[in-house]
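Visitor:
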Amino acid sequence: MTYDVLTMGRISVDIYPNDIGVGIADVTSFGKYLGGSPSNVAVAASRHGRRTAVVTRTGDDPFGEYLHRELAKFGVDDRFVTPVVGLQTPATFCAIMPETHEFPLYFYGRFPTAPDLQIKAEELDVEAIRAARIFWSTVTGLCQEPSRSAHIAAHEARPRAGLTDGQFTVLDLDYRPMFWDSEDAAREQVANVLPHVTVAIGNEEECAVAVGHGTPDEQADRLLAAGVEIAVVKLGPEGVMAKTRTERVVSAPVPVETLNGLGAGDSFGGAFCHGLLSGWPLAQVLDYANAAGAIVASRLSCADAMPTPAEVTSLLAERGRLVPEAVAQ
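Written out as C-alpha cells, the structure is:
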C-alpha cells in the first residue's frame with residue numbers, strides 16, 4: 055500500500071478541560087482525545103480523503119489501546135503503531151483560556167523519555183516510507199535517541215534526488231524547548247535532516263531555531279538555500295507566507311473566534327498536504343490550509359475537531375476567499 059501521507063513521531067492522550075477560562079488547578083472535569091502533532095496531521099489529512107498512516111509507539115496499557123481505537127475511527131492506518139514494554143502512554147493536559155489566548159501545556163509520561171521516542175531505525179518499514187507521497191516528521195522526533203537515528207534513517211531512505219514528481223518530504227519545525235538542552239542542540243539536528251527535506255513549515259521562532267534569526271523572508275531564503283523547495287513561515291496575526299525560488303505568496307488570516315489554538319497548526323498541516331497532493335496553486339494551498347487551521351482554533355479538541363473539505367470550502371466562501379475548483383482528487 056502506498057500512503058498519501060505517512061507521518062512519524064509523537065502520539066499522546068490529550069486531556070482537555072471541560073471548564074473554559076480557568077487555570078488547570080481550578081478545572082473540575084476533563085475529556086480525553088487523541089493527540090500528538092504528527093498523529094493529528096495524519097488524522098487531518100485523512101479527513102480530506104487521503105490514505106494516511108503514522109509511525110509511532112504507545113505504552114502497553116489501556117491508553118495505548120484507546121489511541122489505536124481512535125486512529126482506526128479516524129481512518130488512519132495503525133499498523134506501524136506498537137507498544138513499548140515498561141513505558142506508559144503519555145498524557146498531555148492543558149488549560150484553555152481563550153480571552154487571554156493562553157493554552158499552557160503540561161506533559162506527563164515524557165520525561166526522561168516516552169514510547170514515541172523509542173522508535174528504532176531497524177524497526178522502520180523503509181519501503182513504505184520511501185513510497186509515501188508525503189513523509190511528514192517533526193523536529194521533536196530528533197530530540198533524543200533512538201528516535202533521532204530512526205528519523206535520520208527515514209529521511210535517508212528518501213533522498214531528494216530519489217523523489218518522483220508529486221512526492222514531498224515535510225519537516226515541521228516544531229521546536230519545544232522542554233525537550234532540548236538548548237536551541238543550538240536542536241539547530242544541529244535540524245541541519246542533519248534538512249538536506250533531505252523539500253518542504254519546511256514553522257513559525258518565526260521555530261525558523262529562528264532552524265536557520266537563525268532574521269525577517270521571515272530572510273529565514274525562508276535560508277531554508278531555500280539549504281535545498282528546501284517550499285519554505286512556509288507562519289506570521290501569527292499577519293497570516294502565513296510560503297516562498298519558493300520563483301514565487302512568494304502570503305495568505306491573510308481567516309478570522310474566527312478562537313476557543314483553543316492548540317490544534318490549528320496540525321489542521322493546517324493536514325490540509326496543506328491535501329492541497330499539495332491535489333496540485334493546486336500555492337496561494338490556494340495556503341488559503342485552504344489557513345481556513346482549516348482556523349476552524350480547529352474555533353473548536354475545543356484537536357483530532358476530533360479536524361474539518362472536512364466541505365467545512366473548509368464553506369468557510370472560504372463565507373470569507374470571500376477563492377475556493378479550489380477540485381476539493382479532492
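One rule links them: number in the numbering used here = place in the sequence shown (from 1) + 54.
We put the beta carbon where it would ideally sit given N, CA and C, even for glycine.
Answer with buried or exposed for residue 267, where buried requires no fewer than 16 other C-beta atoms within 10 angstroms of its C-beta.
Guide: Exposed is the call here.
Visitor: For the beta strand (DSSP E) containing residue 148, name the first residue and the last one.
Guide: Unbroken beta strand (DSSP E) run through residue 148: 145-148.
Visitor: How should residue 94 be labelled, buried or exposed, when 16 other C-beta atoms within 10 angstroms of its C-beta is the threshold for buried?
Guide: With 16 or more other Cβ atoms within 10 Å, it is buried.
Visitor: Using the beta-carbon count (16 or more within 10 Å), is residue 134 buried or exposed?
Guide: Residue 134 should be labelled buried.
Visitor: Does the pairing of the segment 353-360 with the segment 308-315 give three or more beta-carbon distances under 8 Å?
Guide: Yes, the segment 353-360 touches the segment 308-315.
Visitor: By Cβ distance, which residues of its chain are closer than 8 Å to residue 162, with the 5 residues on each side in sequence left out?
Guide: Within the same chain, residue 162 has close Cβ partners 144, 145, 146, 147.
Visitor: DSSP three-state call for residue 23: helix, strand or coil?
Guide: Residue 23 lies beyond the stretch modelled for the chain, which goes from 55 to 383, so this question has no answer here.
Visitor: Please specify which runs of the alpha helix (DSSP H), each continuous and at least 4 residues long, are wholly inside the segment 156-240, giving them in chain order.
Guide: Whole alpha helix (DSSP H) segments, 4+ residues: 180-185, 201-210.
Visitor: Between residue 88 and residue 68, how many whole angstroms is the CB-CB distance? I'm expecting something under 8 Å.
Guide: Right, the Cβ-Cβ distance comes to about 7 Å (below 8 Å), so this counts as a contact.
Visitor: Closer than 6 Å by C-beta to residue 110: which residues in its own chain qualify, once you throw out the five before and the five after it? Chain order, please.
Guide: If we look at residue 110 and ignore the five residues flanking it on each side, its Cβ neighbours are 65, 135, 170.
Visitor: When you compare each of 113, 308, 190 to residue 291 by their alpha carbons, which one comes out closest?
Guide: Nearest C-alpha to residue 291: 308.
Visitor: Exposed or buried, what is residue 160 when buried is set at 16 or more other beta-carbons lying within 10 Å of its beta-carbon?
Guide: So residue 160 ends up on the exposed side.
Visitor: What residue range is occupied by the uninterrupted beta strand (DSSP E) comprising residue 111?
Guide: Note, residue 111: beta strand (DSSP E), 106-113.
Visitor: May I ask you to report which of helix, strand or coil DSSP gives residue 256?
Guide: The answer is strand: DSSP assigns residue 256 an E or B state.
Visitor: Taking 8 Å as the cut-off, does the segment 74-87 touch the segment 196-213 (at least 3 CB pairs, one atom from each stretch)?
Guide: Cβ pair count under 8 Å is below three, so no.
Visitor: At the 7 Å Cβ level, is residue 279 part of the contact set with chain C, yes or no?
Guide: Absent here is chain C; the protein component of the structure consists of one chain.
Visitor: So which of 348, 100, 198 has the shortest CA-CA distance to residue 240?
Guide: Here the closest residue by C-alpha is 198.
Visitor: With residue 329 and residue 343 assumed to form a contact (beta carbons below 8 Å), what rounded beta-carbon distance in angstroms separates them?
Guide: Rounded, the Cβ-Cβ distance is 6 Å, consistent with contact.
Visitor: Based on the DSSP output, what are the partners of residue 130 in its beta bridges?
Guide: According to DSSP, which records beta bridges pairwise, residue 130 is partnered with 106.
Visitor: According to DSSP, is residue 303 part of a helix, a strand, or is it coil?
Guide: Three-state DSSP puts residue 303 in a strand.
Visitor: Grab me the residues of residue 378's own chain with a C-beta within less than 8 Å of its C-beta, minus the 5 sequence neighbours each way, in chain order.
Guide: Contacts found: 329, 332, 334, 338, 342, 367.
Visitor: Thinking C-beta only, is residue 321 closer than 7 Å to residue 281?
Guide: No; because the gap between Cβ atoms is not below 7 Å, this pair is not in contact.
Visitor: Rounded to whole angstroms, what's the CA-CA distance from residue 370 to residue 233? Just pull it up for me.
Guide: Approximately 36 Å, taken between the alpha carbons.
Visitor: Would DSSP call residue 82 helix, strand or coil?
Guide: In the structure shown, residue 82 sits in coil (DSSP, three-state: anything other than H, G, I, E or B).
Visitor: Per DSSP, what kind of secondary structure is residue 354 in: helix, strand or coil?
Guide: DSSP places residue 354 in coil when its eight states are reduced to three.
Visitor: How about residue 194 and residue 219: are their beta carbons less than 7 Å apart?
Guide: No; because the gap between Cβ atoms is not below 7 Å, this pair is not in contact.
Visitor: So, for residue 251: in the same chain, excluding its five sequence neighbours on each side, which residues have a beta-carbon less than 6 Å away from its beta-carbon?
Guide: Counting only Cβ-Cβ distances below 6 Å, and skipping sequence neighbours, we find 223, 225, 282.
Visitor: Per the DSSP calculation, residue 71 is bridged to which residue(s)?
Guide: 84.
Visitor: CB residue 175 to CB residue 130, shorter than 7 Å?
Guide: The answer is no: Cβ separation not under 7 Å.
Visitor: Have a look at residue 299 and residue 278 and give me their C-alpha separation to the nearest angstrom.
Guide: Between residue 299 and residue 278, the C-alpha separation is close to 7 Å.
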